[in-house]
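**Student:** Please see the structure below; I have some questions.
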């Protein structure tokens, strides 16, 4: 018997030796919970799959998938995609109340893709790609066409490996009207290796997730370096889901929350396929603000968005995290109130003017830094049916004209291309900069109106991208053990960090006709033509004869009486 | 009265303008664009007469014939059979048999010690064309074949036939007629059979007198398509206890790819694989105490696939039909798991397939580790075992039919290629016929539809697709008739592609529904006030002219 055991263990050794030495793909999951100063809770899930392969390699087709989802891999290799970023957002991120999100996204759907520079027909690939993605994510991405696609020249640089700068291979489109719901969440969850069966994803119950102030789910795919020297490349698939729960109103005014309250589930295990599975709770403001239980001895520090934050770290791959009950539930009680956080960069937008002919778009950008000026890139993509008067473009800061140092403007072509306006504006310290431009509303053809035209037409968010001066030194060196949420945007220098801010989308009313109009017009014109034609016809075909005028009525009556009396008649 | 005359002329002129200019203008501006379609040729295709020609070569080796008999060679003979499948579809098989004696090199090849070696060296001598059959008649006393074997069918397109005892007194005709029955058996094994061809026509013809078996065969095989996606999925419902490794890349290279290379003329294949975690079957297996194992009965198998299929995902990058092959490793608490057939016996392969969908194999791993093993257990999957099952299922799905050779026949196993040349030929025959049947049905129904609904716009590109489909179909039929199987298949594939593209073109749906009553509702406000005066004045003119003629008549009387 002993011999058999020995043999078995020997066999096992051989088996282990035969399996590939290093797994070529790796999966990590992470949940960050940050209590916001407004009393809301911000929960951010991040799932990362790293795969050491090359989709774009010539001749060799990647077709065997393990952790990376097959459907996305096929899309990448078929359309020669270099980088793909797609987000679905319900609700608007309130920067002034909540601060900066880890990964920002505009309301509705946003898609931007860098194609590989071997692609010859980028527009064709883009059209087909949007159709395929719309199938994968059950979203109306198929409504993306040339009329709402732009090629920003500076605002959307590749986030991954490679410094492609030829924006002919970039496509950017937003659908601000897109409504995000469970049918988008289910296919998104299906891309995770563990699905929603194990790990952090069990918390994603859609009735809770969509009963929130803000919900945003995204997929980011990019090629990245495996190590600091960049000797080997890998593909990174990052799935993120950000939710803001308004626990103040839904929690009957009590300021306390728990995982169970938020998601109506607790955690019982990590995803067995994950190499790391962690929950972070932002406790920078502790202990004045709230009380956390169970407490953990594990603390982590990370520099996120120009700020050094302290986190309680719960490692789900360790059995002691789950305690006696075999279940992990975080509990947090608020103790006091605190001031509102002032983000350094903030932007908002509205449409001004009256009537249905002209209007004015106002974009207001705030620099809240007390003493530092910094430049921002503002990108606006406006549909063609708002005809921008670019000569009315004004940029004012502190009631003085602020001349942008770079302007890229691509005028719209009716029914073909939207306006694209990109500007590099220097924001003076502690200032408010206002960008205004006037527009005229175009008349659409009657088939071009949406089914509910009186609701108005959406104009996508403007995008403000900036390198904001950091309060603390950012970490530029590449380390594997950084938490995921702090390592999305590559940091190039210590003194500043990259931020992207989306403004509100606009809702603009266009002059709307009465849609029974075509039939009315046909009837009216036909009647007019018929009346004109009738009299004309009459005039041409009638023959006119000189007729004896008949005697007046009095004379006839008189003659009648005369005839009865036998008196000679009157003539 | 000149004034009255003028009014009459004016009315006539206006009526003339309306009729000569107005009506053609209205007609021209409101008509739908309809490109010309080859309707007459399409209606010819509606009644399809297919002729399938097979070249048969019968080679007599030394010692089978007497020298006098040999003198009359070479000789050829044509045999035709006709079948009327239904009122509009007819089949004619033409077997063209040529007889000759073996060359010296062929004699050498036939002197090899075993039949397999002889088959190989005969193949090296000459490449027979696609669809043809070569039968070598060897002497009765030959040791090439075992005692009780009459016919040996090789890996290529050749068969060895042990000659029946001939009497030396027979003349050649008698010898050949004596041989005919055997040759016919060989040909019906190695080339198409009537049932397969009728089954391939199932798109055109209502099935009536097809045997149950060939019906099952044709139902099981996936429909002919220009490409297929083959997806292997490893289902691991329990990643906590099992960490599974499968060398799918190597297995595909060594087991699946040779078969697909062989099948390349039929369709394009692409192979991919994935691993799905926490994917479970749709039914709970029942624990059977007698064997202390979980069992899935044959009746419950139909419920297994649906829940799994939601996880499989469709291929995002193409719209070709997908063949799924799932390897299911049961979780630790439900192991081992066995499939039982209708007679409650354990299925030896522990696998089953679903027609036109793919196959599922259950792979038990519970014996590979002890209860005290540390979880998750690393397990390497034996791909040879798995791929053997999947390969057999793949052959079924692709329509490589079971042949039931008559007694005394030996079929050489296809070897590493997975498919013998003559098996491929059988597939090519039925695929060509199936493609022709499908494309002709598509084109005729499209033509019928376009003929019935006059409002459909027919664009030039649709007309072009239809004409190219029609010409490809005609060429495919012609090539079948000429016996060029490879070309016939290629043309039939082109025909099917073009016809489907025309049929599913989105532009055909534009303005499909534009009913006449609505059209007239729009026209009436214009037409009614315009036409009434014209018609009335025309009536008046006519009645006046009649009256005048009557007056004239009266005057002349």
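Chains as they are written, first to last, in full-length UniProt numbering: chain A, 1 to 571; chain B, 1 to 557.
Using N, Cα and C, we set each Cβ at its ideal position, and we do this for glycine too.
Keep in mind that this is a model prediction, so the values were computed, not measured.
Please confirm whether residue 406 of chain B has its beta-carbon closer than 9 Å to some beta-carbon of chain A.
**Tutor:** Numbered from 1 along the second chain, position 406 holds the residue referred to as residue 406 of chain B. Closer than 9 Å: no.
**Student:** Beta carbon of residue 322 of chain B: closer than 8 Å to some heavy atom of the ligand MG?
**Tutor:** Judged by which ligands are present, the structure shown has none, so any question about the ligand MG falls away.
**Student:** What residues of chain B sit near residue 71 of chain A, judged by a beta carbon separation below 7 Å?
**Tutor:** Counting from 1 along the first chain, the entry for residue 71 of chain A is found at position 71. Going along chain B in sequence order, the residues near residue 71 of chain A (Cβ under 7 Å) are 313, 316.
**Student:** Report yes or no: do three or more beta-carbon pairs, one from the segment 329-338 of chain B and one from the segment 86-100 of chain A, lie closer than 8 Å?
**Tutor:** Touching, no.
**Student:** Determine, for residue 99 of chain B, whether the minimum Cβ-Cβ distance to residues of chain A falls below 9 Å.
**Tutor:** Residue numbering aside, residue 99 of chain B sits at position 99 when the second chain is read from its first letter. Cβ-Cβ to chain A under 9 Å: no for residue 99 of chain B.
**Student:** Answer with yes or no whether the minimum CB distance from residue 21 of chain A to chain B is below 9 Å.
**Tutor:** Stepping through the first chain from its first residue, residue 21 of chain A is reached at position 21. Any answer about residue 21 of chain A is weak, because its pLDDT of 35 lies below 50 and its placement is not dependable; what the coordinates show is given next. No, residue 21 of chain A lies away from the interface with chain B (no Cβ there is under 9 Å from its Cβ).
**Student:** Is residue 11 of chain A helix, strand or coil by DSSP?
**Tutor:** Taking the first residue of the first chain as position 1, residue 11 of chain A is located at position 11. Confidence in residue 11 of chain A is poor, its pLDDT being 43 and thus under 50, which makes the residue's placement too unreliable to answer from.
**Student:** Verify the CB distance criterion: does residue 572 of chain A have a CB-CB separation below 9 Å to chain B?
**Tutor:** Nothing about residue 572 of chain A can be read from this structure; chain A reaches only from 1 to 571.
**Student:** Express the C-alpha separation of residue 491 of chain B and residue 150 of chain B in angstroms, rounding to a whole number.
**Tutor:** On the second chain, position 150 is the one that residue 150 of chain B refers to. On the second chain, position 491 is the one that residue 491 of chain B refers to. Looking at the two C-alpha atoms, the distance is approximately 38 Å.
**Student:** Can you give me the Cβ contacts of residue 433 of chain B inside the same chain, cut-off strictly under 7 Å, excluding the 5 residues immediately before and after it?
**Tutor:** Position 433 of the second chain, counted from the start, is the residue given in the question as residue 433 of chain B. 50, 197, 200, 201.
**Student:** Closer than 7 Å by beta-carbon distance: list the chain A residues that pair up with residue 11 of chain B, in chain order.
**Tutor:** Mapped onto the second chain, residue 11 of chain B falls at position 11. Near residue 11 of chain B (Cβ distances below 7 Å), the residues of chain A are 541.
**Student:** Just reading off the beta strand (DSSP E) that residue 308 of chain A is part of, what are its end residues?
**Tutor:** By one-based count along the first chain, residue 308 of chain A stands at place 308. Residues 307-315.
**Student:** Are there 16 or more other CB atoms within 10 angstroms of the CB of residue 390 of chain B, so buried, or fewer, so exposed?
**Tutor:** Your numbering for residue 390 of chain B matches position 390 in the second chain. Per the 10 Å Cβ criterion, buried.
**Student:** Identify which residue in B:266, B:353, B:426 has its Cα closest to the Cα of residue 396 of chain B.
**Tutor:** Reading the second chain from its first residue, position 396 is the one you call residue 396 of chain B. Among B:266, B:353, B:426, the Cα nearest to that of residue 396 of chain B is on B:353.
**Student:** Using a 10 Å radius around the Cβ and a threshold of 16 neighbouring Cβ atoms, would you call residue 192 of chain B buried or exposed?
**Tutor:** Taking the first residue of the second chain as position 1, residue 192 of chain B is located at position 192. So residue 192 of chain B counts as buried.
**Student:** Using a Cβ cut-off of 8 Å, pull out every chain B residue sitting near residue 533 of chain A, in sequence order please.
**Tutor:** Residue 533 of chain A sits at position 533 when you count from the first residue of the first chain. What residue 533 of chain A touches in chain B: 529, 530.
**Student:** Hey, how far is the Cα of residue 45 of chain A from the Cα of residue 241 of chain A?
**Tutor:** Within the first chain, residue 45 of chain A is the residue found at index 45, counting from 1. Within the first chain, residue 241 of chain A is the residue found at index 241, counting from 1. C-alpha separation (whole angstroms): 5 Å.
**Student:** Answer yes or no: does any C-beta atom of chain B fall closer than 9 Å to that of residue 125 of chain A?
**Tutor:** In the first chain, residue 125 of chain A corresponds to position 125, counting from 1. It does not; no Cβ of chain B falls within 9 Å.
**Student:** Tell me the rounded alpha-carbon separation between residue 22 of chain A and residue 219 of chain A.
**Tutor:** Position 22 of the first chain, counted from the first residue, corresponds to residue 22 of chain A. Position 219 of the first chain, counted from the first residue, corresponds to residue 219 of chain A. Note that residue 22 of chain A scores 42 on pLDDT, short of 50, meaning its location in the model is unreliable; the coordinates nonetheless yield the value given after this. In a straight line, the C-alpha of residue 22 of chain A is about 26 Å away from that of residue 219 of chain A.
**Student:** Along chain A, which residues have their Cβ under 9 Å away from the Cβ of residue 322 of chain B?
**Tutor:** Sequence index remark: in the second chain, residue 322 of chain B carries index 322 (1-based). None at all; the shortest Cβ gap to chain A is about 11 Å.
**Student:** How about residue 530 of chain A and residue 528 of chain B: do their beta carbons lie closer than 9 Å?
**Tutor:** As a first step, residue 530 of chain A must be located in the first chain, where it is residue number 530. As a first step, residue 528 of chain B must be located in the second chain, where it is residue number 528. Their beta carbons are under 9 Å apart, which means residue 530 of chain A touches residue 528 of chain B by this criterion.
**Student:** Is residue 138 of chain A close to chain B, meaning its C-beta is less than 9 Å from at least one C-beta of that chain?
**Tutor:** Counting from one through the first chain, the residue named residue 138 of chain A turns up at place 138. No, its Cβ sits nowhere closer than 9 Å to a Cβ of chain B.
**Student:** Pull up the DSSP beta-bridge partners for residue 200 of chain A, would you.
**Tutor:** On the first chain, position 200 is the one that residue 200 of chain A refers to. Residue 200 of chain A is not bridged to any residue.
**Student:** Considering residue 123 of chain A, what are the terminal residues of the alpha helix (DSSP H) in which it resides?
**Tutor:** Position 123 of the first chain holds residue 123 of chain A. Unbroken alpha helix (DSSP H) run through residue 123 of chain A: 122-137.
**Student:** Taking the Cβ atom as the reference point for each residue, do residue 367 of chain A and residue 330 of chain A lie within a distance shorter than 9 Å?
**Tutor:** Locating residue 367 of chain A in the first chain gives position 367, counting from the first residue. Locating residue 330 of chain A in the first chain gives position 330, counting from the first residue. No.
**Student:** Are the C-beta of residue 534 of chain B and some C-beta of chain D separated by less than 9 Å?
**Tutor:** Here chain D cannot be found, since the structure's protein chains are A and B.
**Student:** Rounded to a whole number of angstroms, what is the C-alpha to C-alpha distance between residue 439 of chain B and residue 380 of chain B?
**Tutor:** Locating residue 439 of chain B in the second chain gives position 439, where the first residue counts as 1. Locating residue 380 of chain B in the second chain gives position 380, where the first residue counts as 1. Going from the Cα of residue 439 of chain B to the Cα of residue 380 of chain B covers about 46 Å.
**Student:** So, residue 504 of chain A versus residue 107 of chain A, is the Cβ gap smaller than 9 Å?
**Tutor:** The residue labelled residue 504 of chain A in the question sits at position 504 within the first chain. The residue labelled residue 107 of chain A in the question sits at position 107 within the first chain. Yes, the Cβ-Cβ distance between residue 504 of chain A and residue 107 of chain A is below 9 Å.
**Student:** Check this for me: beta carbons of residue 559 of chain B and residue 411 of chain B, under 9 Å apart or not?
**Tutor:** Since the first residue shown for chain B is 1 and the last is 557, residue 559 of chain B is missing from the structure and cannot be characterised.
**Student:** Can you check whether the CB of residue 233 of chain B is closer than 9 Å to the CB of residue 324 of chain B?
**Tutor:** As a working mapping, residue 324 of chain B is identified with position 324 in the second chain. As a working mapping, residue 233 of chain B is identified with position 233 in the second chain. Contact: yes.
**Student:** Report yes or no: is there a C-beta of chain B within less than 9 Å of the C-beta of residue 78 of chain A?
**Tutor:** Translated into the one-based positions of the first chain, residue 78 of chain A becomes position 78. Closer than 9 Å: yes.
**Student:** Apart from the five residues on each side of it in sequence, which residues of its chain come closer than 6 Å, Cβ to Cβ, to residue 93 of chain B?
**Tutor:** In the second chain, residue 93 of chain B corresponds to position 93, counting from 1. 52, 81, listed in sequence order.
**Student:** Could you pull out every unbroken beta strand (DSSP E) segment of at least 3 residues lying fully inside the segment 461-533 of chain A, listed in chain order?
**Tutor:** As far as the segment 461-533 of chain A is concerned, its whole beta strand (DSSP E) runs of at least 3 residues are 463-469, 496-502, 506-508.
**Student:** DSSP beta-bridge partners for residue 229 of chain A?
**Tutor:** Taking the first chain and counting its residues from 1, one reaches residue 229 of chain A at position 229. BP columns for residue 229 of chain A are empty, so no partner.
**Student:** Could you compute how far the alpha carbon of residue 462 of chain B sits from the alpha carbon of residue 468 of chain B?
**Tutor:** Here residue 462 of chain B refers to the residue found at position 462 of the second chain. Here residue 468 of chain B refers to the residue found at position 468 of the second chain. Distance between the alpha carbons of residue 462 of chain B and residue 468 of chain B is about 10 Å.
**Student:** Along the chain, where does the alpha helix (DSSP H) that runs through residue 11 of chain B open and close?
**Tutor:** In the second chain, the residue the question calls residue 11 of chain B occupies position 11. It spans 2-17 - the alpha helix (DSSP H) in which residue 11 of chain B sits, taken as one unbroken run.
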